[in-house]
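Notes for the one structure printed next.
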Amino acid sequence: MSVFFECQGAKLHYGNSAAPLTVLEDISLSIRQGERVALLGKSGSGKSTLLGHMREQLISQCAWCPQQPALVQQLSLFHNIYTGGLTRHSHLANLRNLFFPSAAVQQEIGAIAEQLQLQQQLWKKAGELSGGQQQRVGIGRALYQRRRALLADEPVSALDAEQGRLLLTSFLAQHDTSVIALHHVELALSLCDRVIGLADGKIVIDAASKSLQLHDLTQLYQ
Ligand SMILES: Nc1ncnc2c1ncn2[C@@H]1O[C@H](COP(=O)(O)OP(=O)(O)OP(=O)(O)O)[C@@H](O)[C@H]1O
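Residue numbering for the sequence shown follows the numbering used here, beginning at 152 and increasing consecutively.
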């Protein structure tokens, strides 16, 4: 399998100021196409920083699902999902779909909303949705980017365990390579094939999920 992402001895910072904060040091990592990788670590350990670095390198290849969906609150769920496909359509098509969405686009986005169990809310304004519903719209927007690879930052953190598992399973199945920051260690072990654990500014675990037990991960959260 070919390499999807690679870095050697990288020092990763938070922010772009004159004095950026070093979050991760001496990061060496190789991810192959086809892998499903979970990034684990306690809050502030650098999962988003690592994902941000990957995104900088892979921006044109990956769907992106950020931790905060930052939806356009005045626009409908339909239109917010549509923004995931803006770069795939012409300016004229984008303008037309803003006011008079084509039947084909309505069908595509309707199918995504159905997967997310949001079909009843399709024309509701994003600002009128709950936190969990907004998070699902963020997943829908990433799906509508129609990329083969996915970078996602805690995409199901606001959902209950069962719904989170179902949606994450489907989200992963629609991409051939995924790197996902997660808080739920059980989801990481059962749905991803590799776990990268961050602590103290370093990678402290990098192993196949099937070789790990829950207790192997407790060191990440001490
Ligand atoms: N808004 C911010 N302002 C200043 N420093 C920040 C900010 N966000 C993150 N940092 C710094 O960067 C470090 C890494 O943060 P990062 O968001 O990458 O961690 P994380 O593992 O994704 O956390 P979480 O699980 O809470 O999202 C933090 O420990 C903190 O020192």
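Glycine residues also receive a C-beta, built at the ideal position from the N, C-alpha and C atoms.
Tell me whether residue 165 counts as near ligand 1, meaning its Cβ is closer than 7 Å to at least one heavy atom of that ligand.
As a first step, residue 165 is located in the sequence shown; it is residue number 14 there, counting from the start. Yes, ligand 1 has a heavy atom inside 7 Å of this Cβ.
Simplified DSSP assignment, three categories, for residue 344
Within the sequence shown, numbered from 1, the residue matching residue 344 stands at position 193. If DSSP states are grouped into helix, strand and coil, residue 344 belongs with coil.
Proximity winner among 261, 312, 205, relative to residue 213 (alpha-carbon distances):
Residue numbering aside, residue 213 sits at position 62 when the sequence shown is read from its first letter. With distances taken between Cα atoms, residue 213 lies closest to 205.
Proximity of residue 369 and residue 342 at Cβ, strictly below 8 Å:
By 1-based counting over the sequence shown, the position of residue 369 is 218. By 1-based counting over the sequence shown, the position of residue 342 is 191. Not closer than 8 Å, so no.
Own chain, CB closer than 8 Å to residue 227, minus 5 neighbours either side, in chain order
Looking up residue 227 in the sequence shown gives position 76. Correct list, in chain order: 273, 274, 275, 276, 277.
Please find out if some non-hydrogen atom of ligand 1 comes closer than 7 Å to the beta-carbon of residue 200.
Locating residue 200 in the sequence shown gives position 49, counting from the first residue. Result yes, Cβ under 7 Å from ligand 1.
Bridge-paired residues (DSSP) for residue 156:
Here residue 156 refers to the residue found at position 5 of the sequence shown. The partner list for residue 156 (beta bridge, DSSP) reads 182.
Could you give the distance in angstroms between the alpha-carbon of residue 262 and the alpha-carbon of residue 166?
In the sequence shown, residue 262 corresponds to position 111, counting from 1. In the sequence shown, residue 166 corresponds to position 15, counting from 1. The straight-line gap from Cα to Cα measures roughly 38 Å.
In the DSSP output, what is residue 334 paired with across the bridge?
The residue you call residue 334 lines up with position 183 of the sequence shown. Beta-bridge pairing links residue 334 to no other residue.
Boundaries of the alpha helix (DSSP H) in which residue 243 is found, first to last residue:
Counting from 1 along the sequence shown, the entry for residue 243 is found at position 92. Here the alpha helix (DSSP H) through residue 243 covers 242-250.
Tell me which residues share the same chain as residue 287 and place their Cβ nearer than 8 Å to its Cβ, disregarding the 5 neighbours each side in the sequence.
Taking the first residue of the sequence shown as 1, we reach residue 287 at position 136. Around residue 287: 267, 268, 269, 310, 318.
Tell me the residue span of the beta strand (DSSP E) that contains residue 353.
Within the sequence shown, residue 353 is the residue found at index 202, counting from 1. From DSSP, the beta strand (DSSP E) with residue 353 extends over 353-359.
In terms of alpha-carbon separation, which member of 297, 339, 200 lies closest to residue 312?
Position 161 of the sequence shown, counted from the start, is the residue given in the question as residue 312. Checked all of 297, 339, 200; the closest Cα to residue 312 is 339.
Grab me the residues of residue 334's own chain with a C-beta within less than 7 Å of its C-beta, minus the 5 sequence neighbours each way, in chain order.
Within the sequence shown, residue 334 is the residue found at index 183, counting from 1. Only 305, 308 meet the Cβ criterion.
With 16 as the cutoff for other CB atoms within 10 Å, does residue 171 come out buried or exposed?
Position 20 of the sequence shown, counting from 1, holds the residue named residue 171. Looking at its Cβ environment, which holds fewer than 16 other Cβ atoms inside 10 Å, residue 171 is exposed.
Along the chain, where does the beta strand (DSSP E) that runs through residue 188 open and close?
As a first step, residue 188 must be located in the sequence shown, where it is residue number 37. It spans 187-191 - the beta strand (DSSP E) in which residue 188 sits, taken as one unbroken run.
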